[in-house]
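**Q** Numbering of the sequence shown is given in our numbering, commencing with residue 35 and proceeding in unit increments. A virtual CB, placed ideally from N, CA and C, is assigned to each residue, including glycine. Okay, here's the structure, questions in a sec.
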Amino acid sequence: MLAIFLILKKNEAENVNPTSGTSEIEKYSKAIEKDPNNAELYYNRGVVYRSLKKDTLAIIDFQKSAQLDSTVAKYFSAVGDLMFEHKDVSGSVVWFEKALSLNPNDEKAHLKMAKLFLFIEEYPKAFIEINTVLRADVYNAEAYFLKGMCYKSMKDTNRAISSFQTAVQNDPKYVDAYMQLGLVYQSKKDRLALKYFENAFQADTTNIEPVYAQAMFWQNQNEMEEAKKIYRRMVNIDRSYPKSYYNMGWVLMQQDSVENAIRQFTIAIENKPDYADAYYNRGICNETLNKLSEALEDYNQALSFDKDNANYNQAQKRVSLKIK
Numbered sequence: 035m036l037a038i039f040l041i042l043k044k045n046e047a048e049n050v051n052p053t054s055g056t057s058e059i060e061k062y063s064k065a066i067e068k069d070p071n072n073a074e075l076y077y078n079r080g081v082v083y084r085s086l087k088k089d090t091l092a093i094i095d096f097q098k099s100a101q102l103d104s105t106v107a108k109y110f111s112a113v114g115d116l117m118f119e120h121k122d123v124s125g126s127v128v129w130f131e132k133a134l135s136l137n138p139n140d141e142k143a144h145l146k147m148a149k150l151f152l153f154i155e156e157y158p159k160a161f162i163e164i165n166t167v168l169r170a171d172v173y174n175a176e177a178y179f180l181k182g183m184c185y186k187s188m189k190d191t192n193r194a195i196s197s198f199q200t201a202v203q204n205d206p207k208y209v210d211a212y213m214q215l216g217l218v219y220q221s222k223k224d225r226l227a228l229k230y231f232e233n234a235f236q237a238d239t240t241n242i243e244p245v246y247a248q249a250m251f252w253q254n255q256n257e258m259e260e261a262k263k264i265y266r267r268m269v270n271i272d273r274s275y276p277k278s279y280y281n282m283g284w285v286l287m288q289q290d291s292v293e294n295a296i297r298q299f300t301i302a303i304e305n306k307p308d309y310a311d312a313y314y315n316r317g318i319c320n321e322t323l324n325k326l327s328e329a330l331e332d333y334n335q336a337l338s339f340d341k342d343n344a345n346y347n348q349a350q351k352r353v354s355l356k357i358k
């Protein structure tokens with residue numbers, strides 16, 4: 035269920051430039067000093083805080099707005115939304131229920147309730163909330179996406195595909211829906227998955243994860259040369275993305291190109307200094323080359339980030355005995 039929760043944790047706040055966001059905060063803070071009982075000012079500042087990922091400050095402002103004016107549904111919905119996203123699922127319910135009592139047509143609250151029911155696997159209740167939204171807005175892409183997630187969890191693949199496809203028809207930039215289509219077809223080992231992952235990337239070229247999914251599709255099919263092509267593409271897209279180098283290193287290691295693998299793991303570590311698996315796999319490569327001191331150093335470094343990992347501990351003990 036955690037995987038479903040993470041997928042549903044879609045940030046609905048608008049993207050705000052940090053500099054402009056700070057000036058917006060200052061603007062609303064000054065306005066609040068002059069009019070401290072204005073609920074809308076607190077709500078608006080909370081929206082900006084949320085866009086800046088300052089969720090603790092955002093929820094304080096949303097709660098303040100609800101306290102100042104208990105007749106506005108969106109204030110309660112905003113609190114519930116943040117509580118849900120931070121995994122206080124049961125705590126969010128009372129806020130959504132209050133929002134719906136004030137505004138039975140609050141689409142956001144209905145959809146959040148649907149997510150909650152999906153999370154606890156009460157699918158009929160989720161469908162009731164989703165269909166309430168669709169009766170008011172037949173083009174609501176998120177509603178179709180949630181339908182797809184319900185059907186996917188119910189193992190009804192055909193209906194899941196249909197719902198995800200309707201979601202992207204209504205919102206051609208719906209990255210999560212494209213990704214779900216890709217994952218469904220990937221589970222079938224169908225190359226159509228590659229198309230949907232590409233659509234997800236084209237919908238948001240700042241997000242490299244869909245391209246990574248393409249590489250993993252090939253890697254899981256044991257098509258290592260195709261996977262390597264995608265990892266090279268990823269490097270061209272974002273030279274600081276550590277998984278590109280790590281996975282390239284892993285593939286090279288499977289192909290017995292150990293020294294080349296070491297170079298890739300090293301670049302991965304340069305971009306993510308706490309990349310424990312990269313240290314561990316570089317250690318395996320060094321051990322294979324009988325560079326035992328370097329291997330031990332890598333295993334010790336991996337353990338410094340994850341001291342309870344069984345593989346790291348076994349490797350460290352193994353090489354320590356060899357050195358003795």
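1. What separation, rounded to the nearest whole angstrom, lies between the Cα atoms of residue 328 and residue 276?
2. Straight-line CA distance for residue 138 to residue 130?
3. Give the secondary structure of residue 361 by DSSP, where H, G and I count as helix, E and B as strand, and everything else as coil.
4. Quick test of your reading: residue 77 and residue 112, contact by CB under 8 angstroms. State the CB separation rounded to the nearest angstrom.
5. Just to confirm the assignment, what range does the alpha helix (DSSP H) spanning residue 214 have?
6. Between residue 36 and the rest of its own chain, which residues show a CB-CB distance below 6 angstroms, the 5 nearest in sequence each way excluded?
7. Out of 293, 292, 324 and 273, state which residue places its alpha-carbon closest to the alpha-carbon of residue 304.
8. What is the rounded straight-line gap between the Cα of residue 205 and the Cα of residue 299?
9. Do the CB positions of residue 119 and residue 89 come within less than 9 angstroms of each other?
10. From this set, 103, 148 and 101, which residue's C-alpha is nearest residue 115's C-alpha?
11. Compare the Cα-Cα distances from residue 337 to each of 308, 319 and 321 and report the closest residue.
12. Taking the alpha-carbon of residue 240 as reference, which of 260, 228 and 207 has the nearest alpha-carbon?
13. Buried or exposed, going by whether 16 or more other CB atoms sit within 10 Å of the CB of residue 346?
14. Looking only at C-alpha atoms, which of 188, 352, 243 and 71 sits nearest to residue 213?
15. Leaving aside the five residues before and after residue 185 along the sequence, list all residues of the same chain whose C-beta is less than 7 angstroms from its C-beta, in chain order.
16. So, at 7 angstroms on beta carbons, what are the nonlocal neighbours of residue 265 in its own chain, with the 5 sequence-adjacent residues on each side left out?
17. Once DSSP output is grouped into helix, strand and coil, what is the label at residue 255?
18. In the structure shown, what three-state DSSP assignment does residue 172 receive?
19. How is residue 328 classed by DSSP in three states: helix, strand or coil?
20. Determine the closest residue to residue 219 out of 247, 238, 175 and 235, with distance taken between C-alpha atoms.
21. Is it right to say residue 357 is buried, meaning 16 or more other beta carbons lie within 10 angstroms of its own, or is it exposed?
22. Residue 350 lies in the alpha helix (DSSP H); which residues open and close that run?
23. Jot down the residue ranges of each uninterrupted alpha helix (DSSP H) in the region 46–97, minimum 4 residues, whole runs only, in chain order.
24. Return helix, strand or coil for residue 38, following the three-state DSSP convention.
25. To the nearest angstrom, how far is the alpha carbon of residue 320 from that of residue 257?
26. What's the C-alpha gap between residue 164 and residue 95?
27. On the CB-based measure, 16 or more other CB atoms within 10 Å of its CB, does residue 344 come out buried or exposed?
28. Looking at the structure shown, is residue 155 part of a helix, part of a strand, or coil, going by DSSP?
29. Evaluate residue 188 with the Cβ neighbour count: other Cβ atoms within 10 Å of its Cβ, from every protein chain shown; 16 or more gives buried, anything less gives exposed.
30. Are the Cβ atoms of residue 106 and residue 141 separated by less than 9 angstroms?
31. Apart from the five residues just before and just after residue 144, which ones in its own chain have a Cβ nearer than 6 angstroms to its Cβ?
32. For residue 104, which three-state DSSP category applies?
**A** Taking the coordinates as given:
1. 21 angstroms
2. 10 angstroms
3. It is not possible to answer for residue 361, since the shown part of the chain is limited to 35 through 358.
4. Between residue 77 and residue 112, the beta carbon gap of about 7 angstroms places them in contact (Cβ cut-off 8 angstroms).
5. 209–221
6. Reliability of the predicted coordinates at residue 36 is poor, the pLDDT of 41 falling under 50, and the value obtained from them is presented with this limitation in mind. Counting only Cβ-Cβ distances below 6 angstroms, and skipping sequence neighbours, we find nothing.
7. 273
8. CA-to-CA, the gap between residue 205 and residue 299 works out to about 39 angstroms.
9. For residue 119 and residue 89, yes; Cβs fall inside 9 angstroms.
10. Nearest to residue 115 by C-alpha distance, out of 103, 148 and 101, is 148.
11. Residue 308 is the option with its Cα nearest to residue 337.
12. 207
13. buried
14. In terms of CA proximity to residue 213, 243 leads the group 188, 352, 243 and 71.
15. Answer for residue 185: 193, 194 and 197, listed in chain order.
16. 249, 278, 281 and 282
17. coil
18. coil
19. helix
20. 247
21. exposed
22. For residue 350, the enclosing alpha helix (DSSP H) starts and ends at 344–357.
23. 52–68 and 73–85
24. Residue confidence is low: residue 38 scores 48 on pLDDT, short of 50, so the model does not pin down where it sits. Its coordinate-derived value is still stated next. DSSP places residue 38 in helix when its eight states are reduced to three.
25. 26 angstroms
26. 29 angstroms
27. exposed
28. coil
29. Taking a 10 Å sphere around the C-beta of residue 188, we find fewer than 16 other C-beta atoms and assign the residue as exposed.
30. no
31. 163, 166 and 167
32. coil
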